[in-house]
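Colleague: Below are the structure tokens for one structure; questions will follow.
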Amino acid sequence: MTHHETRDHGRDRDRDRLASVAADATLGVPGVAFLRPGLTQLLRAAARSAGVRRGHAGTDGAASGVGVALDTGPDRWTIDVYIVASRGHRAVDVTRAVRTAVEEAVLRCPSADGLPARVSVTVSGVV
Amino acid sequence: MAMNQTPGPPDEPDEAVEAVLDDERLPCGRLLPQVWDDWEAGVVDPHTRECPHCAAALRDLEMLGDVVRHAQDAASEADGTGPGTGSGGVDAASALTARVMDVVRLELRPGRTLPLGERDEDAWIVEAAAAKAFRAAAEAIPGVRAGSCRIAPLDPAAPGENGAGAPPRGPVRVHIGVAVTLAWTLRDVADQVRARITAAADSALGMEVAAVDVRITDILDEPWDEPSDEPDAAGNDAAGNDAAGHDRGTTDGDPS
């Protein structure tokens, strides 16, 4: 494996780890009903549990509802979080709580490599 | 909810049906919830069998149903006493399925991404979710049925912090169609709808609504809600007459 390939694999792992950490942090926020059950991820999960091989590569996405990318210039993580919010909570307040929770979780996560995160939160539904 | 019963896309949908069509129409013209309902009811339809869009919608529905059932079983097994056990199980599972389906519909037709909060915040809501909240706010008014609700930025060029390519962050304009009973005067009901939506935008969402366009799209024939026996706070009596004996239809500003 070349050095470049090693680094890419490392970055993929970091991204997956950060997505997982961000997802956990998000689910702990009051007012978050669940992470958007992106249909593609839901169906992949369904296919897996039904024992069906979909014969289709591509990352599972560490957790549905969270996208992580690494920006350069400035160097930082971009974390996109999609949530379904609960009724009875003001939607914008929930997004703010999610942003805070994810930013804090990223700060504590070694996979972040000390880089800051820009967190974008989108409410894709209210139940 | 009355749906188009004949096969094929409707010729001249009225506004109320068009509201649903706006949000939930498959490319073949069929209503997504109608396709799902028919499948669940066992209705046989040659169009659905041959149409790739309907077939895809049903495939997704079946897989989703499997996932939900699986999750439901797993949850009740782990819990022992949770929903899915006992007679409450079926209702709980149906309620869960209905809620998941609700979200799935939004997934299929989310619409625009609209801003929440301040100009420089990175918080958003999809149009379908906001529209649902606004329709619910309008329908809290007696004698009002909400139809199509679209939301658009007032200024499409208003940039967010993210600059070019990002959705605009400024205030929005809401367009909503409503069907109302004849008991309402049109200006009063439009004002009520406007007030409710603006309030919901602030209290439920945190979205800045600059304007609400209300279209009265239909007159409902439905009987008026039974008023209570006591006169209400405005002095209106049970027959819906105000203190001066005029027929008010409903009480202005009464958050029933």
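Sequence order for the protein chains is A and B.
Per this note's numbering, the first sequence runs over residues -9 to 117.
Per this note's numbering, the second sequence runs over residues 1180 to 1435.
Ideal Cβ positions, reconstructed from N, Cα and C, are used throughout, including at glycine.
#1: In the DSSP assignment, find the unbroken beta strand (DSSP E) run with Asp1400 (chain B) in it and report its ends.
#2: What is the C-beta distance between Thr1375 (chain B) and Ile1304 (chain B), in whole angstroms, given that I count them as a contact (C-beta under 8 Å)?
#3: Between Leu72 (chain A) and the rest of its own chain, which residues show a CB-CB distance below 6 Å, the 5 nearest in sequence each way excluded?
#4: Restricting to Cα atoms, I'd like to know which of B:Ala1316, B:Val1353, B:Ala1317 is closest to Pro1332 (chain B).
#5: Quick check on DSSP: helix, strand or coil for Pro1332 (chain B)?
#6: Mind checking if Arg80 (chain A) is an interface residue toward chain B, Cβ cutoff 7 Å exclusive?
#7: Would DSSP call Gly115 (chain A) helix, strand or coil?
#8: Which bits of chain A does Ala1312 (chain B) rub up against, with CB to CB less than 7 Å?
#9: What are the start and end residues of the alpha helix (DSSP H) that includes Trp1303 (chain B)?
#10: Taking Cβ to Cβ, would you say Val121 (chain A) is nearer than 7 Å to Gly1385 (chain B)?
#11: Run through DSSP, which three-state label would Leu97 (chain A) get?
#12: How about Ile1304 (chain B): is its C-beta nearer than 7 Å to some C-beta of chain A?
#13: Can you tell me whether Val1222 (chain B) is buried or exposed? The criterion is at least 16 other CB atoms within 10 Å of its CB, across all chains shown.
#14: Which of the residues in the segment 1365 to 1385 of chain B, read from start to end, lie with their CB under 9 Å from any CB of chain A?
#15: Using 7 Å as the threshold, is the C-beta distance between Asp1359 (chain B) and Gly1326 (chain B) below it?
#16: Along the alpha helix (DSSP H) that carries Trp1363 (chain B), what are the first and last residues, could you check?
#17: Please list the partners that Gly1296 (chain B) has in chain A, where partner means a Cβ-to-Cβ separation under 8 Å.
#18: For the segment 92 to 117 of chain A, list every residue whose C-beta sits within 9 Å of some C-beta in chain B, in sequence order.
#19: Which residue's Cα is closest to the Cα of Trp1218 (chain B): B:Ala1234, B:Val1368, B:Gly1208?
#20: Applying the 10 Å Cβ sphere with the 16-neighbour rule, what's the burial state of Ala59 (chain A)?
#21: So, helix, strand or coil for His1354 (chain B), using DSSP?
#22: Which same chain residues end up closer than 6 Å to Gly1334 (chain B) when comparing Cβ atoms and leaving out the 5 residues on each side of it in sequence?
#23: Could you say which of B:Ala1336, B:Pro1212, B:Glu1387, B:Ala1312 lies nearest to Ala1302 (chain B) if we only look at CA atoms?
#24: Nearest CA to the CA of His(-1) (chain A): which residue from A:Arg108, A:Ala91, A:His79, A:Ser101?
#25: Using the beta-carbon of each residue, which ones in chain A are nearer than 7 Å to Ala1308 (chain B)?
#26: Pull the bridge partners of Ser110 (chain A) from the DSSP assignment, please.
#27: Looking at C-alpha atoms only, which residue of B:Arg1209, B:Val1351, B:Ala1308, B:Ala1390 is the closest neighbour of Arg172 (chain A)?
#28: Excluding five sequence neighbours on each side, which residues of the same chain lie with their C-beta closer than 6 Å to the C-beta of Ala15 (chain A)?
#29: Does the separation of the CB atoms of Leu105 (chain A) and Trp67 (chain A) fall below 7 Å?
#30: What does DSSP give as the partner residues of Thr1292 (chain B) in its beta bridges?
#31: So who's on the other strand from Gly89 (chain A), going by DSSP bridges?
#32: Indicate the three-state DSSP secondary structure (helix, strand or coil) for Arg80 (chain A) in the structure shown.
#33: When you compare the CB of Arg1278 (chain B) with every CB in chain A, is at least one pair closer than 7 Å?
#34: How long is the line joining the alpha carbons of Thr30 (chain A) and Leu1361 (chain B), rounded to whole angstroms?
#35: DSSP state of Asp103 (chain A), grouped into three classes?
#36: Under 7 Å, Cβ to Cβ, is there at least one residue of chain A near Asp1252 (chain B)?
Modeller: The short version:
#1: Here Asp1400 (chain B) belongs to no beta strand (DSSP E), and DSSP marks it neither H nor E.
#2: Strictly speaking, residue 1375 (chain B) in this sequence is Arg, with Thr absent from that position. That belief does not hold up - the Cβ atoms of Arg1375 (chain B) and Ile1304 (chain B) are roughly 18 Å apart, past 8 Å.
#3: With the sequence shown as reference, residue 72 (chain A) is identified as Tyr, and Leu is not the correct amino acid for it. Correct list, in chain order: Arg26, Gly55, Thr112, Ser114.
#4: When each option's Cα is compared against that of Pro1332 (chain B), the closest is B:Val1353.
#5: DSSP places Pro1332 (chain B) in strand when its eight states are reduced to three.
#6: Arg80 (chain A) counts as touching chain B.
#7: It is a strand residue.
#8: In chain order: Val116.
#9: Annotation for Trp1303 (chain B): no alpha helix (DSSP H) segment contains it, though the beta strand (DSSP E) segment containing it runs 1302 to 1305.
#10: Residue coverage of chain A in this structure runs from -9 to 117, which leaves residue 121 (chain A) outside it and unanswerable.
#11: Residue state, collapsed to three classes: helix.
#12: Interface residue (Cβ-Cβ distance to chain A less than 7 Å): Ile1304 (chain B) is classified as such.
#13: Under this definition Val1222 (chain B) is an exposed residue.
#14: Of all residues in the segment 1365 to 1385 of chain B, those with a C-beta nearer than 9 Å to a C-beta of chain A are Asp1381, Ser1382, Ala1383, Leu1384, Gly1385, reading in chain order.
#15: Here residue 1359 (chain B) is Val; the residue named in the question, Asp, does not match the sequence. Cβ distance not < 7 Å, so Val1359 (chain B) and Gly1326 (chain B) don't count as in contact.
#16: Run containing Trp1363 (chain B): none; DSSP gives neither H nor E here.
#17: Chain A residues near Gly1296 (chain B): Val82, Thr85, Arg86.
#18: For the segment 92 to 117 of chain A, the set of positions with a beta-carbon nearer than 9 Å to some beta-carbon of chain B reads Arg108, Val109, Ser110, Val111, Thr112, Val113, Ser114, Gly115, Val116, Val117 in chain order.
#19: Closest option to Trp1218 (chain B), judged by alpha-carbon separation, among B:Ala1234, B:Val1368, B:Gly1208: B:Ala1234.
#20: It is exposed - the Cβ of Ala59 (chain A) has fewer than 16 other Cβ atoms within 10 Å.
#21: It is a strand residue.
#22: It is Asp, not Gly, that sits at residue 1334 (chain B) in the sequence shown. The residues Gly1349, in chain order, have a CB closer than 6 Å to that of Asp1334 (chain B) in the same chain once the five nearest residues on each side in sequence are set aside.
#23: If we check each option's Cα against that of Ala1302 (chain B), B:Glu1387 comes out closest.
#24: Among A:Arg108, A:Ala91, A:His79, A:Ser101, the Cα nearest to that of His(-1) (chain A) is on A:Ser101.
#25: Taking the beta carbon of Ala1308 (chain B) as reference, the chain A residues within 7 Å of it are Val113, Ser114, Gly115, Val116, listed in sequence order.
#26: For Ser110 (chain A), which the question treats as bridged, DSSP gives the partners A:Asp70.
#27: What is shown of chain A runs -9 to 117, which leaves residue 172 (chain A) out entirely.
#28: The answer, listed in chain order, is Ala91, Val92, Ala95.
#29: It is a contact, given that the beta carbons lie within the stated cut-off.
#30: B:Val1305, per the DSSP bridge assignment.
#31: For the record, residue 89 (chain A) in the displayed sequence is Arg; it is not Gly. In the DSSP output, where bridge partners are listed per residue, Arg89 (chain A) has none listed.
#32: DSSP places Arg80 (chain A) in coil when its eight states are reduced to three.
#33: Arg1278 (chain B) belongs to the set of residues whose beta carbon lies under 7 Å from a beta carbon in chain A.
#34: At Thr30 (chain A) the pLDDT is 47, less than 50, meaning the model places this residue with poor confidence; the figure from the coordinates comes in the next sentence. Thr30 (chain A) and Leu1361 (chain B): Cα-Cα distance of roughly 46 Å.
#35: Reduced to three states, the DSSP call for Asp103 (chain A) is coil.
#36: Between Asp1252 (chain B) and chain A, the shortest Cβ-Cβ separation is not below 7 Å.
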